[in-house]
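Heads up: the structure comes next, in structure tokens.
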Amino acid sequence: PREAELRRVLVFRSADDRLCLDILETGSADAPFSGEDVEQKAALVALEGYAARLRAGELVGQSNHVPPSAILSDGEVAKFLRRCSTTYVCQHEPRLLYKQMLLTQSVAGTEDVAVEFEDGYEYGSHNGAATLITVALGDSKPRRALQGTLATLDMHGLQVERVLVDMIGDPPSDKPGLPSAGVTLVRAIVRSPAGAVADNTQLANDLRRFKWLDDSALSLAAAHPSLGLERAESTAALATLSLALLDHPLLSRNNMLSLLERPAFAPQLSAL
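And the structure:
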């Protein structure tokens, strides 16, 4: 239901693509991480052990590990963990948790969006053929972040294997204004169709952009993937402006945009 507060999403797909299982968790937030029970203490020990290896330089030069210079102090790590849910911390391996922590910190307290790719991610039967995409959206709600991310991935022709969505609270702030919604962290494991090569640069730009678009532009981009988000946004704006010159009861904004989504209009839209 639309009124339900979405707090966590897990999407699983079978290896033969014949079965998809979606798990949506709604309601009040999960208990924050405290490091007190056995499971939480084990997760904290694992994270501290990984940080110690980073500081010792054991992982320097290895791909997909943060450099030692990026390590946060123990106090900063503890503050971050207290803003996370217990489920999020306990179900992550330290390497990924540390990378996501740094990505989240880069947008916390802002409205920015940060994107990170990890190619060659080993997942299921597609070892080395998948890509882990992490998107951190500042001051964003999970439902909107998930919808925009999935629409953008589909527009780029990527097959989504698994998606996880979590909310990370912002640090306390004395700045005036409305309270922030926190950081929504979306992680998607994707793979390209056989023989296709994904354009990570354009994909990253679109993932940073969709947050600022309304539903009409996203729908138009989904209907005509070759347009891209930027041109779809411009086209939707031009369609809206054209209504100032047209006076017809059947040409409302919704009707106009619905017509443009039809395949028959693809050549005209591409020529704009």
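In terms of my numbering, the sequence shown opens at residue 26 and continues consecutively. Yeah, the Cβ is synthetic: ideal placement off N, Cα and C, and Gly gets one too. It should be emphasised that the depicted structure is a prediction, and the values quoted were computed from it without experimental measurement.
Beta-bridge pairing of residue i - partner residues as DSSP gives them
i    : result
L35  : I48 and L189
Q184 : R216
A161 : A139 and L210
P57  : S110
T156 : D144 and V215
Start-to-end residues for the alpha helix (DSSP H) that takes in residue i
i    : result
T112 : T111 to C115
N279 : R278 to L285
S94  : Where S94 is concerned, there is no enclosing alpha helix (DSSP H), given that its DSSP letter is neither H nor E.
G134 : That residue, G134, is in no alpha helix (DSSP H); it is neither H nor E in DSSP.
A231 : One point to set straight first is that residue 231 is Asp, not Ala, in the sequence displayed. Per DSSP, D231 belongs to the alpha helix (DSSP H) from N225 to R234.
D240 : D240 to A248
V70  : V63 to R80
L263 : G253 to S267
Q293 : A291 to A296
Option nearest residue i by Cα separation, candidates the options
i    : options                   : result
A139 : S267, L44 and R233        : R233
E118 : T135, Y75, Q130 and V215  : Y75
E258 : D239, L275 and F37        : D239
K166 : L266, D62, D191 and L294  : D191
P196 : D164, A176 and N225       : D164
A247 : S277, L175, R107 and L275 : L175
W237 : H90, E255 and P288        : E255
K124 : T265, A95 and Y113        : A95
L84  : R120, L268, D55 and D231  : R120
V102 : A81, G82, A77 and S88     : A77
D47  : P218, L35 and G207        : L35
P218 : H181, F235, L252 and L243 : H181
S98  : F235, S241, L127 and N280 : L127
S39  : I214, G253 and M281       : I214
A133 : G207, G82 and K104        : G207
L189 : L44, E50 and D41          : E50
H249 : Y146, S295, N279 and L106 : S295
A264 : S88, G86, R278 and D42    : R278
V63  : L285, D41, C115 and F105  : C115
A18  : K104, T177 and P274       : Lying before the first or after the last residue shown, residue 18 is absent from the chain, which here runs from 26 to 297.
V91  : D42, E136 and L122        : L122
S88  : D179, E143 and R168       : E143
S251 : L284, P288 and L268       : P288
G145 : L157, T135 and D137       : L157
Y148 : F37, M281 and C109        : F37
T135 : K104, T209 and A68        : T209
N280 : F58, S241 and A81         : S241
L106 : A269, L72 and L268        : L72
Q65  : R168, C109, D137 and C45  : C109
F235 : T226, G253 and L271       : G253
Q227 : E141, D42 and P93         : E141
Y113 : L271, L69 and Q293        : L69
Expected contact under 8 Å - CB spacing of residue i and residue j to nearest Å
i    : j    : result
A261 : L245 : 5 Å
R212 : T159 : 5 Å
A155 : E186 : 6 Å
A170 : L183 : With 8 Å as the limit, A170 and L183 do not qualify as a contact, their Cβ atoms being about 17 Å apart.
A56  : T129 : In fact, because the Cβ distance is near 19 Å, the residues do not count as touching under 8 Å.
G173 : L243 : 7 Å
Span of the beta strand (DSSP E), counted from its first residue to its last, around residue i
i    : result
D144 : V138 to Y146
Residue i: CB within 6 Å of a non-hydrogen atom of the ligand SAH
i    : result
A291 : In terms of ligand content, the structure shown is empty, and the ligand SAH therefore cannot be addressed.
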